[in-house]
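Participant:
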Amino acid sequence: MRNLDGRSKLYALFASPCEHSLSPLIQNSAFEQLNINAAYMAFDVDEEHIGDAVSSMRTLGIAGANISMPNKTAIIDYLDYVSEEARFCNAVNTVVNKEGRLYGYNTDIFGAEMAIKDLGVDVSTSKVCILGLGGAGQAVLYALAKNKAKKVCVFVRELSIEKRKVYVDKICSSFSIDVEIYSIEDTQTLSKCLNESDLLINATSLGMGQDIDKSPLGDKIKLPKHICVLDLIYNPLETELLSKAAKDGCKVFSNGISMLAYQGAKAFEYFTEKQIDVSDILCMLDNAFNF
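This is the structure:
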């Protein structure tokens with residue numbers, strides 16, 4: 006157990022809700038493993054109060070922070086510098102305090118890249134289907150575009166198509182990639198896309214929290230056995246979608262634990278300029294979930 010003192014650095018999570026987050030477990034375990042004199046705490050901060058939280062970083066000298074829902078976009082206006090990738094995605098999830106100047110980054114992109122790689126999927130030769138295009142979905146689409154995915158089909162709610170199409174158009178104009186956006190209610194097109202795709206990524210919240218008993222795919226849609234499935238949700242470990250993947254005979258599927266671990270490792274690197282072995286984080290998370 007580390008002994009904190011007057012020289013201990015403080016790191017934080019600003020999110021609402023924050024009680025469920027595994028970021029304190031990841032970062033504090035990494036501090037302890039590398040014998041770094043620091044502590045990481047979670048603070049319930051909503052969009053209305055994110056400006057006050059940022060001010061506290063400057064006033065109290067909080068060395069760094071992770072940013073989660075609903076603050077990833079709102080925090081940008083309060084930072085001194087935002088990385089090109091984070092600016093493109095309009096989302097910051099990691100902030101570093103460098104002598105009073107606050108630098109924002111997006112480590113979800115790296116997390117998505119590595120989680121997909123761990124599935125054994127070669128993005129450059131793959132057709133990908135994404136469900137949802139919120140903050141996580143945008144980071145995933147950016148990662149796919151950056152790595153020159155063969156084709157991407159994005160499915161969102163009918164009511165949000167026009168809003169999400171703005172980001173899709175931005176991706177298409179900035180990268181050499183073929184991206185189409187459809188209504189997730191169009192089950193015929195969704196089923197056709199799934200049968201033609203190599204990878205399915207769920208970036209919606211269906212399968213967690215109040216929607217724990219729901220799946221982004223209807224009962225009538227059958228997953229082809231060849232498709233790899235990545236559900237970005239990590240709590241519960243087996244969502245309704247992953248249960249369906251198993252029942253439909255998919256050989257490769259995974260939850261969001263690996264993306265969580267990789268983005269956390271990258272955030273730790275920004276915080277401390279030191280690297281932590283992702284396998285150590287995964288082992289620690291395995292023990293936390295007892296699986």
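In short: position in the sequence shown from 1, add 5, done, that's our numbering.
Just so you know, even glycine gets a beta-carbon here, dropped at the ideal spot from N, CA and C.
1) Thinking just about the alpha-carbon of each residue, which of GLY139, HIS231, LYS14 is nearest to the one in SER131?
2) HIS54 to LEU18, Cα distance in whole Å?
3) Give the DSSP-derived three-state secondary structure of LEU146 in the structure shown.
4) Mind checking which residues open and close the beta strand (DSSP E) that includes CYS134?
5) For ILE31, which residues of its own chain have a beta-carbon under 7 Å away from its beta-carbon, when the five flanking residues on both sides are left out?
6) Just list the residues that DSSP pairs LEU204 with in beta bridges.
7) What number of angstroms, rounded off, separates the C-alpha of SER220 from the C-alpha of ASN42?
8) In the DSSP assignment, find the alpha helix (DSSP H) that holds ARG106 and state where it starts and stops.
9) The beta strand (DSSP E) that contains LYS14, what's its start and end?
10) For THR112 and ASN98, which I take to be in contact (beta-carbon distance under 8 Å), what is that distance rounded to the nearest angstrom?
11) As a quick exercise: from ILE72, ALA79, LEU84, PHE48, pick the residue whose alpha carbon is nearest that of ARG63.
12) Nearest CA to the CA of LEU27: which residue from PHE115, TYR267, LYS197?
13) Check the DSSP bridge columns for PHE258 and list the partner residues they point to.
14) Out of GLU278, GLN38, GLY140, ALA44, state which residue places its alpha-carbon closest to the alpha-carbon of ASP10.
15) Closest to GLY105 by C-alpha separation, out of ALA148, SER248, GLY69, would be which residue?
Facilitator: Once the coordinates are examined:
1) Nearest C-alpha to SER131: HIS231.
2) The C-alpha of HIS54 lies about 13 Å from the C-alpha of LEU18.
3) It is helical.
4) That run of the beta strand (DSSP E) goes 132-136.
5) Excluding residues within five positions, the ones whose Cβ falls inside 7 Å are GLY269, ILE286.
6) BP columns for LEU204 point to VAL133, CYS233.
7) C-alpha of SER220 to C-alpha of ASN42: approximately 43 Å in a straight line.
8) That residue, ARG106, is in no alpha helix (DSSP H); its beta strand (DSSP E) goes 106-110.
9) Run containing LYS14: 14-20, per the beta strand (DSSP E) assignment.
10) Here THR112 really is in contact with ASN98; their C-beta atoms are around 6 Å apart, less than 8 Å.
11) Nearest in C-alpha terms to ARG63, of all of ILE72, ALA79, LEU84, PHE48, is LEU84.
12) Answer by Cα proximity: TYR267.
13) Answer is VAL234.
14) When only C-alpha atoms are compared, the closest one is ALA44.
15) When only C-alpha atoms are compared, the closest one is GLY69.
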